[in-house]
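Please read the structure below before turning to the comments.
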Amino acid sequence: HELFTKVLPSYNIEISFVDGTDPRKYSSAIKENTKLLYIESPANPTMSIIDIKEIATIGKENSITTMIDSTFASPYNQNPINLGIDVIIHSCTKYMSGHSDIIAGSLTSANSEYYNQAFQTLKLFGGTLSPFDSFLLARGIKTLDVRMERHNKNGLEIAKFLESHDKIAKVYYPGLESHPQYEIAKKQMSGYGGMIAFEVKGGVSEGQKVIENLNTIVLAVSLGGVESLVEQASTMTHTMVPREERMKGGITDGLIRFSVGIESASDLKNDLNQALQLI
3 HELFTKVLPS YNIEISFVDG TDPRKYSSAI KENTKLLYIE SPANPTMSII DIKEIATIGK
63 ENSITTMIDS TFASPYNQNP INLGIDVIIH SCTKYMSGHS DIIAGSLTSA NSEYYNQAFQ
123 TLKLFGGTLS PFDSFLLARG IKTLDVRMER HNKNGLEIAK FLESHDKIAK VYYPGLESHP
183 QYEIAKKQMS GYGGMIAFEV KGGVSEGQKV IENLNTIVLA VSLGGVESLV EQASTMTHTM
243 VPREERMKGG ITDGLIRFSV GIESASDLKN DLNQALQLI
């Protein structure tokens, strides 16, 4: 958010924000100087799903580059290049490395032109990964498929558990039929990952009470590691985003983001249940 609202404008780069769940709004927002259509799906932290193929088509029809942040899905669950996207970016800190011990990112494209442009920027501005972090990332990728299978299984099981719990007001997970973009997710994802968003009945204070009384699940930011992490977006990861903008984007004050790890699903459900019983 700060990159788009503060950093890029300082380079005289104009940014237009749209509701990504409606591809028509991307079309209507295109201007003569538009160079890039950027999306994130699943979106952080609301778990909204964007029709990737539709955005790719809009980009091609208007000769505009398309880019997606596909971190929440991981390459195991989603391949945007096969859906027509030009460039994929990942926070490799998350699922790609899988152990919450490095800071890294990647850019992937089937077009060497984008790679060459990125390499020139990297060469001039820095950001090169250290040898040891490169080793840790390469090692983590070796177990990506095994980890993601467990994240997918646990994610769906925990999402269903939360949706049926009487202390939960709402659950956002693309693998649930109740998700507003479930049909789109089913079409473009092979699995739904371990990221869940939910709201506790009673609002902010009750939600805080729940996440502060978990034992197995750790109260912390970041995501995509083998351990389960939980946080309240409005007071942690998204606290710098003005409330009006947060609410407009669906990030309510009480929204809780849950990165489901690879622990026993029973242990996670028991931990959630004991914390929920305190409210």
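The sequence shown begins at 3 in the numbering used here and counts up one residue at a time. Virtual Cβ for every residue (Gly too), placed ideally from N, Cα, C.
Asked                                                                                                         : Found
Distance, L5 Cα to D24 Cα                                                                                     : 23 Å
Simplified DSSP assignment, three categories, for Y117                                                        : helix
Cβ pair count under 8 Å reaching 3, the region 70-88 against the region 40-51                                 : yes
Reduced DSSP secondary structure (H/G/I, E/B, other) of D24                                                   : coil
Secondary structure of K144, DSSP reduced to three states                                                     : coil
Residue span of the beta strand (DSSP E) that contains G107, given as start and end                           : G107 to S111
A277 - DSSP class collapsed to helix/strand/coil                                                              : helix
Residue environment, P176, which counts as buried when at least 16 other CB atoms sit within 10 Å             : buried
Own chain partners of D255 with C-beta closer than 6 Å, once the 5 adjacent residues on each side are dropped : V206 and S236
Cα-Cα separation, M49 to E214                                                                                 : 23 Å
Neighbour-count burial assignment, S180, 16 or more Cβ in a 10 Å radius                                       : exposed
As assigned by DSSP and simplified to three states, the class of Q234                                         : strand
For L127, three-class secondary structure by DSSP                                                             : Per the sequence presented here, residue 127 reads as Phe, with Leu not at that position. Helix.
G227 classed as buried or exposed, judged by whether at least 16 other C-beta atoms fall within 10 angstroms  : buried
Coil, strand or helix - K162 by DSSP                                                                          : helix
Stretch pair the region 217-233 + the region 264-271: three plus CB contacts closer than 8 Å                  : yes
Assigned secondary structure, E265 (DSSP; H/G/I helix, E/B strand, else coil)                                 : coil
Ordered list of beta strand (DSSP E) runs contained in the region 163-245, each at least 3 residues           : 170-174, 197-202 and 231-234
Rounded straight-line distance, which links the Cα of L274 to that of S12                                     : 44 Å
Endpoints, the alpha helix (DSSP H) within which I60 is located                                               : I54 to E63
Environment of N2 [buried if 16+ CB atoms lie within 10 Å]                                                    : Shown here, the chain extends from 3 to 281; a query on residue 2 therefore has no answer.
C-beta contact flag for S102 and S230 at 7 Å                                                                  : no
Residue span of the alpha helix (DSSP H) that contains Y97, given as start and end                            : Unbroken run through Y97: none, as it is neither H nor E.
Endpoints, the alpha helix (DSSP H) within which S93 is located                                               : From DSSP, S93 is part of no alpha helix (DSSP H) but of the beta strand (DSSP E) over V89 to S93.
7 Å Cβ cutoff met for C94 and G86                                                                             : no
Bounding residues of the beta strand (DSSP E) (the contiguous stretch that carries Y40)                       : L38 to E42
Residue burial classification, E201 (beta-carbon count within 10 angstroms, cutoff 16)                        : buried
Bridge partners - M69, DSSP secondary structure assignment                                                    : Y40 and V89
Of the listed residues K188, H3, H92 and N156, nearest to T110 (C-alpha basis)                                : H92
Continuous alpha helix (DSSP H) stretch holding S102: start and end                                           : Run containing S102: none; DSSP gives neither H nor E here.
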